[in-house]
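Written out below as structure tokens is the structure these notes cover.
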DNA sequence: ATAGGGTTAG
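Numbering (the working numbering), first residue to last: 593 to 1322.
So, in structure tokens, the structure goes:
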């Protein structure tokens, strides 16, 4: 039987594949004795537990290289050209081979001073293994697992604990067992048992580690119960207690509880430190109290605390989630200026922030910087990059990232597959999506498509109105056992709307109500979008759906199409509605409603809505003026809204001329690249054809993408000709 | 692994 020992030293814990091994530290070096069993299971015995003794019947020293090559030096930073991973892989690859006959230690071979060679099948080996902290830890870990699984009765818990620990657990045993637990009920019973057996009655550490279990299981009541018990029993809570409780409140979505206990810390003689500040900054951030979060950050800096990347990452996240992206960047710069090195999580948070901000160029810069600093990307990094490039419509970059992931043979998770598919949906990459979907289903990791997966695929087909393809995915989803959710139904309705199958829109809407799904603002936005594409004869049907989903919105839509309703009345109703809907959908609603007006040739009403949107700051700064150029900015506007804005701008320019004002040398319109998910042609293309219909002298700028320009000389006669009464046309 | 804070999706 082949038994191979590999003994080795490496200088850095980072070289140890943490998933497979634990390290035993000897001041500056880590020494392991690996035992490769034929089963390829690798164990090691920390050398400090093994007094050096040479036995005649030991297993063979083998480093995976020819026998005459000396054993790698043990104290060097790089063991003679063999990495730890290589050596381990080599050892297991070689294990079936018959080893050379047992031999005396070769002269010149470097042998670990404190290692012992043992036959792995001997009782001595198993005794050593049992004594090693590794296996003790494993046993305690198993105990945690069985405690999680056992019934929540004192008898069951006591039995499980006593079977492993007898009557003499150490405090360390208790800490390890509780720390690995997840079940709040049995953890509490286990805590009682440890409190009984370990005679330190007021042990704050045991409470703290049990609080962690409450956090893990998101059990706020359990956490607060334990904290109150501590206070009643006179067990002094410390900073660890409070930061655990605060972060527990945070994960339980109870920021006010975090604040409450944070403010009471002082009562118990605790002064916030770096970790409490960081936890609390996060709690304030998540409760939307950005000001308080920043106040704490400033306080922490004023106290000249050594803030670390965790705190900075938290602050960046707080800024990012309140859409203050410059704030996020500033903190990053501040961090670097203070000499704190960004780590993987800092980069991930920052990449995510710049993605949300739709600043793909900054995403690129930061990713390059990350590479330069030798920080390796993980799945979260790739997910952030894919989202950023998808959102910004950067297909080349998004696909490059996909290739990079594949080259690294990175094991993809469901989340990462779904992120890829969502990116494809953003960019309209149907073929790539199908390829990724097939790969996902074949993946050896067994990534089962979930409702996210199907939803993204349906979205891809919905964008182009490919009804039969979308329905095919829907069938596959139902066959896989998933009920349609609001996202799937939103996409489907979008698809039917695009294909002008209004009856199917109604049918899907009915089905949604039957499933007990309540339409949200986003869904209503989708119905409005469908309405703006619906032929006049069928408009009533769609408005019927909207009314059932949201009565106020439905009645506004009814008033909009009714020419008998005065603009003034309509305006009041519209303002009322827009003050009561969520911020994220305001622009989308406005775009749809203005499109509807334009389609129905109700330009006055479109102008009323545009005016309202500017007043409510739904659209910002559509017009700008400098001495050399006046501009119209219609990026992020729908076609109808953009045309309305153009209509208003032209009137304003004509009025300026009438008032004797002079035009600047250049006039420009910025449409942006305008690649919206649901429009196959960009805004620029469609807008340009409308400019031509209007005989407008604007031409695409050769050097500025998304800009149409004209000169004062060309614009003046055109505006004057349009102002003349016999040429009135919108 | 051996008491506390941070990152992946409409």
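For every residue, glycine included, the Cβ atom is placed at its ideal position computed from N, Cα and C.
What you are looking at is a predicted structure, and each value in this text was computed from that prediction instead of being measured.
Every unbroken beta strand (DSSP E) within the segment 872-943, with a cutoff of 3 residues, ordered by chain: none
If we call anything under 8 Å between Cβ atoms a contact, is residue 920 one with residue 942? The residue you call residue 920 lines up with position 328 of the first chain. The residue you call residue 942 lines up with position 350 of the first chain. Yes, the pair counts as a contact, with Cβ atoms nearer than the cut-off.
Simplified DSSP state of residue 1109, which is helix, strand or coil: Mapped onto the first chain, residue 1109 falls at position 517. Residue 1109: coil per DSSP, three-state reduction.
Checking the sheet assignment: what are the DSSP bridge partners for residue 1292? As a working note, residue 1292 is residue 700 in the first chain. The partner list for residue 1292 (beta bridge, DSSP) reads 1300.
For the segment 976-1039, list the beta strand (DSSP E) runs that are entirely contained and at least 3 residues long, ordered along the chain. none
Is it right to say residue 765 is buried, meaning 16 or more other beta carbons lie within 10 angstroms of its own, or is it exposed? On the first chain, position 173 is the one that residue 765 refers to. Buried, by the Cβ-count rule.
Any idea if residue 1261 is buried or exposed, counting beta-carbon neighbours within 10 angstroms, 16 or more meaning buried? Along the first chain, one-based indexing puts residue 1261 at 669. Its Cβ being crowded by 16 or more others within 10 Å, residue 1261 is buried.
Going by C-alpha to C-alpha distance, which of 960, 930 and 771 sits closest to residue 736? Numbered from its first residue, the first chain carries residue 736 at position 144. The option with the nearest alpha carbon to residue 736 is 771.
Alpha-carbon spacing of residue 1040 relative to residue 782, whole angstroms: Residue numbering aside, residue 1040 sits at position 448 when the first chain is read from its first letter. Residue numbering aside, residue 782 sits at position 190 when the first chain is read from its first letter. If you take the alpha carbons of residue 1040 and residue 782, they lie about 37 Å apart.
For residue 1262, report the span of its beta strand (DSSP E) as first-last. Position 670 of the first chain holds residue 1262. Run containing residue 1262: 1258-1262, per the beta strand (DSSP E) assignment.
When burial is assigned at 16 or more other CB atoms within 10 Å of the CB, is residue 1161 buried or exposed? Within the first chain, residue 1161 is the residue found at index 569, counting from 1. Exposed is the call here.
Should residue 1234 go down as buried or exposed, given a rule of 16 or more other Cβ atoms within 10 Å for buried? The residue given as residue 1234 occupies position 642 in the first chain. Buried is the call here.
Are residue 908 and residue 938 close, meaning C-beta to C-beta below 8 Å? One-based indexing of the first chain puts residue 908 at position 316. One-based indexing of the first chain puts residue 938 at position 346. Against a cut-off of 8 Å, the Cβ pair of residue 938 and residue 908 comes out as a contact.
What are the residues that DSSP puts in a beta bridge with residue 812? The residue labelled residue 812 in the question sits at position 220 within the first chain. Note: residue 812 sits in no beta bridge, so no partner.
Please look up how many angstroms separate the CB atoms of residue 1114 and residue 1144, rounded, as I've assumed it's under 8 Å. Residue numbering aside, residue 1114 sits at position 522 when the first chain is read from its first letter. Residue numbering aside, residue 1144 sits at position 552 when the first chain is read from its first letter. That belief does not hold up - the Cβ atoms of residue 1114 and residue 1144 are roughly 16 Å apart, past 8 Å.
Out of curiosity, what's the CA-to-CA distance linking residue 932 and residue 901? The residue labelled residue 932 in the question sits at position 340 within the first chain. The residue labelled residue 901 in the question sits at position 309 within the first chain. Whole-angstrom Cα-Cα distance: 7 Å.
With DSSP collapsed to three states, give me the class of residue 1323. Since the first and last residues shown for the chain are 593 and 1322, residue 1323 lies out of range.
If I follow the unbroken beta strand (DSSP E) through residue 1265, where does it start and stop? Within the first chain, residue 1265 is the residue found at index 673, counting from 1. No beta strand (DSSP E) holds residue 1265; DSSP gives it neither H nor E.
For residue 930, is the classification buried or exposed, using 16 other Cβ atoms within 10 angstroms of its Cβ as the cut-off for buried? One-based indexing of the first chain puts residue 930 at position 338. Residue 930 is exposed by the Cβ-count criterion.
Suppose the cutoff is 7 Å on Cβ atoms and the five residues either side in sequence are ignored; what does the same chain contact list for residue 695 look like? On the first chain, residue 695 is found 103 positions in, with the first residue counted as 1. Note that residue 695 has pLDDT 34, beneath the 50 cutoff, so the model's placement of it is unreliable and no number is given.
Per DSSP, residue 1217 is paired with what? In the first chain, the residue the question calls residue 1217 occupies position 625. DSSP output for residue 1217 lists 1222 as bridge partner(s).
I think residue 990 touches residue 1008, with their Cβ atoms under 8 Å apart; what is that distance to the nearest whole Å? As a position in the first chain, residue 990 is number 398, starting the count at 1. As a position in the first chain, residue 1008 is number 416, starting the count at 1. Going by Cβ atoms, the distance from residue 990 to residue 1008 rounds to 13 Å, so no, they are not a contact pair.
Going by C-alpha distance, which of 1077, 841 and 790 is nearest residue 806? Against the first chain, residue 806 aligns to sequence position 214. Ranking the options by Cα distance to residue 806, first place goes to 841.
Please return the same chain residues whose Cβ sits closer than 6 Å to the Cβ of residue 1189, not counting the five positions on each side in sequence. By one-based count along the first chain, residue 1189 stands at place 597. Hits under 6 Å: 1197 and 1198.
Report whether the distance from the Cβ of residue 916 to the nearest heavy atom of the ligand NAD is below 7 Å. No copy of the ligand NAD occurs in the structure displayed, which carries no ligand at all.
By a C-beta neighbour count over all protein chains shown, 10 Å radius and 16 as the cutoff for buried, is residue 1225 buried or exposed? Reading the first chain from its first residue, position 633 is the one you call residue 1225. With 16 or more other Cβ atoms within 10 Å, it is buried.
By Cβ distance below 6 Å, which residues in the same chain neighbour residue 1111 in space, the five residues on each side in sequence not counted? One-based indexing of the first chain puts residue 1111 at position 519. Hits under 6 Å: 1141.
Reference residue 812, options 862, 957, 850 and 1050, closest by Cα: On the first chain, residue 812 is found 220 positions in, with the first residue counted as 1. Closest by alpha carbon: 850.
Excluding the 5 residues flanking residue 1246 on each side, which residues of the same chain have their C-beta closer than 6 Å to its C-beta? For the purposes of this step, residue 1246 is taken as residue 654 along the first chain, with counting starting at 1. Cβ within range, chain order: 1311 and 1315.
How about residue 1185 and residue 1120: do their beta carbons lie closer than 8 Å? As a first step, residue 1185 must be located in the first chain, where it is residue number 593. As a first step, residue 1120 must be located in the first chain, where it is residue number 528. Going by C-beta atoms, residue 1185 is nearer than 8 Å to residue 1120.
Among the candidates 831, 940 and 1308, whose CA atom is the shortest distance from the CA of residue 866? Numbered from 1 along the first chain, position 274 holds the residue referred to as residue 866. Considering only alpha carbons, the answer is 831.
Nearest to residue 1240 (by Cα), restricted to the options 1057, 996 and 1215: As a position in the first chain, residue 1240 is number 648, starting the count at 1. If we check each option's Cα against that of residue 1240, 1215 comes out closest.
Write down the C-beta distance between residue 1289 and residue 1307 rounded to the nearest angstrom, noting that I regard them as a contact closer than 8 Å. The sequence position of residue 1289 within the first chain is 697, counting from 1. The sequence position of residue 1307 within the first chain is 715, counting from 1. 6 Å between Cβ atoms; contact.
Between the C-alpha atoms of residue 890 and residue 1251, what's the straight-line distance to the nearest angstrom? Walking along the first chain from the start, residue 890 turns up at place 298. Walking along the first chain from the start, residue 1251 turns up at place 659. Going by the C-alpha atoms only, they are around 53 Å apart.
For residue 1148, which residues from the same chain have a beta carbon less than 7 Å from its beta carbon, with the 5 sequence-adjacent residues on both sides left out? Along the first chain, read from residue 1 onward, the residue named residue 1148 stands at position 556. Within the same chain, residue 1148 has close Cβ partners 1165, 1166 and 1169.
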